[in-house]
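Numbering (the numbering used here), first residue to last: 40 to 320.
See the structure below:
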């Protein structure tokens, strides 16, 4: 049998079947996302939550609302829709936890408590005015303690050039952080890598870092820009969960604007999807 004659038709058939399978899978996924979006919007409307944006990636939903409280409430509603696997809440500042939403909802009560405290303080001040007492003069020991406290409030030490360079080298060595496709949700491996980054930052407590998100060029520029910002912010949130001081961290998304390589293959696209750490102080 002449293989040169037989192999080309076989290869064409195999490639055709693979392409057909890909088209079917893509169409099926889009159908699921469209159906779930319609169901979620209906549930939100029934719950009186207007002005909420829902975006599905497969069966996972990103819910964006004007306030953190509405975002958490809307995510709960969408999460209860049949067929939805998970729902994440996004407010004006990004990803919102249930605790943050509850804290915002409780803010008016906290203001009432502050008002009550102010009233109590006013009563105490009036009593003190009515019955003045001698003012104690601080002793030399108390003055020394106050001076010690001022020394403790001095700015933290800036890292040396060598420390900055070593921290940057260690951060560059960290593997790429991965996310669920077209989402800001970290994969299991992605969370492990963020944990490695937190350990590096713990070894270099003086440095401050900017987390930079980058995407590939698939999709619109606007979508990729927003996705890169959400991914960078998600990494910052995870680092804080791992014990890194938020004051040491900033983040920025670059979308598809700064690729590592010119995208010609799927491997090139994968290289351009990345999160980088840049020492800033």
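Think of the CB as a built atom: it goes at the ideal place given N, C-alpha and C, for glycine as much as any other residue. Please read these numbers as outputs of a predicted model, since none were measured by experiment.
Cβ distance (whole Å) where residue i is taken to contact residue j below 8 Å
i: residue 333; j: residue 225; result: No answer is possible for residue 333: it lies beyond the span of the chain, which begins at 40 and ends at 320.
i: residue 76; j: residue 222; result: The pair is not a contact, with the Cβ atoms about 15 Å apart (cut-off 8 Å).
i: residue 91; j: residue 102; result: 6 Å
i: residue 100; j: residue 108; result: So it is not a contact: roughly 18 Å between Cβ atoms.
i: residue 229; j: residue 220; result: With a Cβ gap of about 12 Å, residue 229 and residue 220 do not count as contacting.
i: residue 272; j: residue 130; result: No, residue 272 and residue 130 are not in contact; Cβ-Cβ is about 12 Å, not under 8 Å.
i: residue 257; j: residue 308; result: 7 Å
i: residue 123; j: residue 79; result: 7 Å
i: residue 319; j: residue 247; result: 5 Å
i: residue 110; j: residue 82; result: So it is not a contact: roughly 15 Å between Cβ atoms.
Reference residue i; option with closest CA among the options
i: residue 242; options: 250, 285, 202, 286; result: 202
i: residue 284; options: 270, 237, 263; result: 237
i: residue 268; options: 249, 281, 280; result: 249
i: residue 233; options: 214, 304, 244; result: 214
i: residue 195; options: 122, 245, 262; result: 245
i: residue 104; options: 295, 88, 281; result: 88
i: residue 235; options: 302, 264, 266, 280; result: 280
i: residue 205; options: 231, 227, 240; result: 240
i: residue 295; options: 303, 200, 276, 265; result: 265
i: residue 263; options: 282, 292, 276; result: 292
i: residue 72; options: 125, 261, 106, 85; result: 125
i: residue 69; options: 86, 85, 98; result: 98
i: residue 277; options: 74, 297, 231, 302; result: 231
i: residue 260; options: 227, 298, 282; result: 298
Extent of the continuous beta strand (DSSP E) run through residue i
i: residue 291; result: 288-292
i: residue 126; result: 125-130
i: residue 247; result: Taken as a continuous stretch (DSSP letters only), residue 247 belongs to no beta strand (DSSP E), as it is neither H nor E.
i: residue 101; result: 99-103
i: residue 299; result: First-last for residue 299: undefined, no H or E at that position.
i: residue 135; result: 133-135
i: residue 93; result: 92-96
Boundaries of the alpha helix (DSSP H) in which residue i is found, first to last residue
i: residue 313; result: Residue 313 -> not in any alpha helix (DSSP H); beta strand (DSSP E) instead, spanning 313-318.
i: residue 118; result: 107-118
i: residue 269; result: 260-280
i: residue 237; result: 227-242
i: residue 210; result: 200-211
Contact with chain D by residue i, beta-carbon distance below 8 Å
i: residue 217; result: Of the protein chains in the structure, only one exists, and it is not chain D.
Does the segment 105-114 come close enough to the segment 247-266 to have 3 or more Cβ pairs within less than 8 Å? no
Count the C-beta pairs between the segment 281-288 and the segment 302-318 that are closer than 8 Å, then say yes if the count reaches three, no if not.
With a cut-off of 8 Å, the segment 302-318 and the segment 281-288 do not count as touching, because too few Cβ pairs lie within range.
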